[in-house]
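The structure under discussion appears below in the form of structure tokens.
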Amino acid sequence: MATKKERQRKLAKDAYERRMQRQSQRARQLRQLSVSAIIAVLVVAVGVGIPAILGAFNSKPKPTAAAGSHTPTATATPPSASATPSATPSPGTTAALVNGKCVYTPSPPASRKVSLPPRRPDLGAKYVATIATNRGNIVIDLLNSKAPCTVSSFVSLADQKYYKNTPCHRLTTATAGIYVLQCGDPTGTGSGGPGYQFYTENLTGATYPAGTVAMARAQSPDSNGSQFFLVYKNTPLPPNYTPFGTIASGLSILQNVAKAGSDNSNGPGDGHPKENVQINSVTITKT
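For our numbering, add 300 to where a residue sits in the sequence shown, where the first one is 1.
Right, dumping it as structure tokens:
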């Protein structure tokens, strides 16, 4: 016959097992709810795939960054990239611009050695970037008033010759449902960066029509570095990627590269461009 202590142990064990069963059941329910939520988002987004929702056009500056490599299939046509500038955040808020100063956080290693951009951007300046490639020049009006820290970083990297002799390593085409050429990694692997990171800007109402230039990043909103993408056809990405420029001339260069397609190394319609695109230099004109 069981002693009183043995009965108490059995009761405690039974109670513990019931508690574990309830926790396991709640975990299953939460997983089911998460799946349902993702499906609902996909429906609302008219087919924007899971990679797009979670960051389809990520760079990979860190081994832990989840870069999208599958096939979102949305067909929406966003009207413009005229998102509003980031407001100065309240104390303690993580943002690119804090009290008029940009926050750049060291994040080694750097693909090429560069200095950090100036912390205080020139908010009154207007910048035009000319990207000289092996296929012709692409001229970009930079949105300094709307994404000052992003533009300041891009200008600084260009002035330091960071982008010299750098390949554009990723092209997505109709098969993927996203239409961009991604550049800005001197290693050409999609994992390189400048040795620092910074927060997203200019996301309120952001859309990505043809001619948009925006930052590529990992899932974390403070993981912008040097990689960017050029949109050659209206692309229905979620507003997660800082738009910081518009293409003034050279869009046809991207469209011709896109016609040749990608090597599908990341999946159907997503890989290295079959027609190699090499950035020879980036020149900045300031007015």
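Built from N, CA and C at the ideal position, the CB exists for glycine as well.
Residue range 578-586 is occupied by the beta strand (DSSP E) that includes Q578, with no alpha helix (DSSP H) assigned at that position.
Cβ-Cβ separation between V531 and V451: approximately 17 Å, too far for a contact (criterion under 8 Å). Distance from Y499 to V403 at the Cβ level is roughly 7 Å; contact confirmed, criterion being Cβ atoms closer than 8 Å. Annotation: Q555 is outside any beta strand (DSSP E); the continuous alpha helix (DSSP H) that includes it extends over 551-560. A contact between stretches requires three or more CB pairs, one per stretch, nearer than 8 Å, and the stretch 473-492 meets this requirement with the stretch 565-580. Put simply, of N524, K401, L537, G490 the residue whose alpha carbon is nearest the alpha carbon of G505 is L537. With respect to S581, A447 sits apart: the two C-beta atoms are not nearer than 7 Å. Setting aside the 5 residues that flank it on each side, G561 is surrounded in the same chain by T473, K574, each with a C-beta closer than 7 Å to its C-beta; the list follows chain order.
The stretch 412-420 makes contact with the stretch 457-465; the number of CB pairs closer than 8 Å reaches 3 or more. The C-alpha of T487 is placed about 24 Å away from the C-alpha of I547. Going by DSSP, C483 is part of no alpha helix (DSSP H) but of the beta strand (DSSP E) stretching over 480-483. Counted as a single uninterrupted DSSP element, the beta strand (DSSP E) harbouring V439 occupies residues 436-442. Of all alpha-carbon atoms in P543, P509, G525, N434, the one lying nearest the alpha-carbon of S445 is that of P543. Check the Cα spacing between P494 and each of L442, V398, T405, E501: the tightest is with T405. Cβ contact annotation for G569 (same chain, cutoff 7 Å, sequence separation greater than five): T371, T472, T473, A474, T475, A476, S562, in chain order.
In the DSSP assignment, A458 falls within the alpha helix (DSSP H) that extends over 448-459. Distance from the CA atom of G511 to the CA atom of I584, rounded to whole angstroms, is 18 Å. Under the three-state reduction of DSSP, L537 is assigned to coil, being neither helix nor strand.
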